[in-house]
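Residue numbers (our numbering): 943 to 1030.
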């Protein structure tokens, strides 16, 4: 049976792969399993922006800190809007 730290490491590998694929900005809920998503949220590695959309964040950040949001805003907006409305 995997240890809690081993499970978190597996979830972080998934997050890293998504960051490399998406430019470390917008992560959709359906891009990872619920288990990985909830584990990363619980440990502070993901921050929900709007329902079903997340950005990577620092686990040691202060609650309500907006640095992660400002750092990823433009890339998040691009990915979200292209997904929602297309590239027209």
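Using N, Cα and C, we set each Cβ at its ideal position, and we do this for glycine too.
What you are looking at is a predicted structure, and each value in this text was computed from that prediction instead of being measured.
Quick check: residue i and residue j, are their CB atoms within less than 7 Å of each other?
{"i": "residue 924", "j": "residue 959", "result": "Residue 924 lies beyond the stretch modelled for the chain, which goes from 943 to 1030, so this question has no answer here."}
{"i": "residue 985", "j": "residue 1001", "result": "yes"}
{"i": "residue 981", "j": "residue 953", "result": "yes"}
For residue i, report the span of its alpha helix (DSSP H) as first-last.
{"i": "residue 1021", "result": "1009-1027"}
{"i": "residue 984", "result": "976-984"}
By a C-beta neighbour count over all protein chains shown, 10 Å radius and 16 as the cutoff for buried, is residue i buried or exposed?
{"i": "residue 969", "result": "buried"}
{"i": "residue 946", "result": "exposed"}
Would you give the residue range spanned by the beta strand (DSSP E) that residue i belongs to?
{"i": "residue 991", "result": "988-992"}
{"i": "residue 998", "result": "995-998"}
Considering only C-alpha positions, which residue in the set the options is nearest to residue i?
{"i": "residue 993", "options": "981, 1027, 971, 1026", "result": "971"}
{"i": "residue 957", "options": "1011, 988, 946, 948", "result": "988"}
{"i": "residue 1025", "options": "1013, 949, 995, 1012", "result": "995"}
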